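Quick notes on the structure that follows.
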Amino acid sequence: MSASCCDQALDPHRGNQSYRRVLWAVLGINLVMFAVEVVAGLAAGSVSLQADALDFLGDTANYMISLFVVGMALRYRATAALVKGATMGVFGLWVLGTVIWHAAHGTLPNAFTMGAVGIAALIANAASFGLLWAYRSGDANMRSAWVCTRNDVLGNLAVLLAALGVFGTGTGWPDVIVATIMAALALQGAWIVVSQSRAELRLHASPA
Ligand SMILES: [Zn+2]
1090 MSASCCDQAL DPHRGNQSYR RVLWAVLGIN LVMFAVEVVA GLAAGSVSLQ
1140 ADALDFLGDT ANYMISLFVV GMALRYRATA ALVKGATMGV FGLWVLGTVI
1190 WHAAHGTLPN AFTMGAVGIA ALIANAASFG LLWAYRSGDA NMRSAWVCTR
1240 NDVLGNLAVL LAALGVFGTG TGWPDVIVAT IMAALALQGA WIVVSQSRAE
1290 LRLHASPA
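If you're matching positions, the sequence shown starts at 1090 in the numbering used here and goes up one per residue.
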């Protein structure tokens, strides 16, 4: 969920070819799940699915940065982080706007689609974690990989909880409440990424 979700674990083995293949695989998984959750969220009228898509978007960006930008100069890394934070911020605001629209119109999302896609997201995160697990190194990397996956899984479970709540109450409120919390957390994360990368760029731009 958080802004730095999953990026700490990826630094070692940078030149390793099989590790790069694994990064490509998890990038693909996260990108596909981002698209699936956005499309399914729109089709099912579920904002919590769209809010959960924010995490897959952020993780996709992290894997892209690991594959293409990590070895570059600080200026490029900070710019990449700024683009990532801004993209997540714009998408997060769009999700929040959609939340307000759904709350105002009292729409009823499709609980079955929410549940099915929530479970698919859970499997996708477990698969990503399994693929990266072989490349964990050292205590710090292991810990951050755990923390990242735990946060991702908590998001997926929140969607499943919302699906259960929608099914049980026959209203869209559980979906709206869960989506509001998730989108707010994602926006906070995006804000932190944007401010940090802007500070880095300012520091870099000032004469030494
Ligand atoms: Zn994540």
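Ideal Cβ placement from N, Cα and C applies to all residues, glycine included. Owing to the predicted nature of the structure, the values given are computational and were not obtained by experimental measurement.
Would residue i and residue j qualify as a contact pair, given that the criterion is a beta-carbon distance under 8 Å?
i	j	result
Thr1176	Ala1129	no
Ala1209	Ser1137	no
Leu1156	Leu1221	no
Val1242	Asn1214	yes
Trp1280	Gly1160	no
Leu1182	Tyr1152	no
Gly1195	Gly1261	yes
Ile1189	Lys1173	no
Leu1143	Phe1180	yes
Arg1164	His1293	yes
Does ligand 1 have even one heavy atom less than 7 Å from the beta-carbon of residue i?
i	result
Asn1199	no
Asp1141	no
Asn1245	no
Asn1240	yes
Asp1264	no
Gly1178	no
Gly1147	yes
Can you list, in chain order, the residues of its chain whose CB lies under 8 Å from that of residue i, leaving out five sequence neighbours each side?
i	result
Leu1185	Thr1269, Ala1272, Ala1273 and Leu1276
Leu1171	Val1282, Val1283, Ser1286, Arg1287 and Leu1290
What is the DSSP secondary structure of residue i, reduced to helix, strand or coil?
i	result
Met1090	Here Met1090 scores only 41 on pLDDT, less than 50, and its place in the model is too uncertain to base an answer on.
Thr1260	coil
Thr1196	coil
Met1161	coil
Arg1225	coil
Asn1105	coil
Ser1135	coil
Ala1098	For Ala1098, the pLDDT reaches just 48, beneath the cut-off of 50, and the residue's location in the model is therefore unreliable, leaving the point undetermined.
Quick one: residues in its chain with C-beta nearer than 7 Å to the C-beta of residue i, no 5 flanking neighbours on either side, listed in chain order?
i	result
Asp1141	Glu1126, Ala1210, Gly1244, Asn1245, Val1248 and Met1271
Phe1256	Ala1200
Ala1216	Ile1118
Gly1204	Leu1249 and Ala1252
Ala1133	Pro1198, Asn1199, Thr1202 and Met1203
Can you find the residues in the same chain that come closer than 6 Å, C-beta to C-beta, to residue i, ignoring five residues on each side of it along the sequence?
i	result
Thr1168	none
Arg1166	Val1158
Ala1192	Val1265
Phe1218	Thr1238
Gln1106	none
Leu1120	Thr1149
Phe1145	Asn1119, Met1122 and Phe1123
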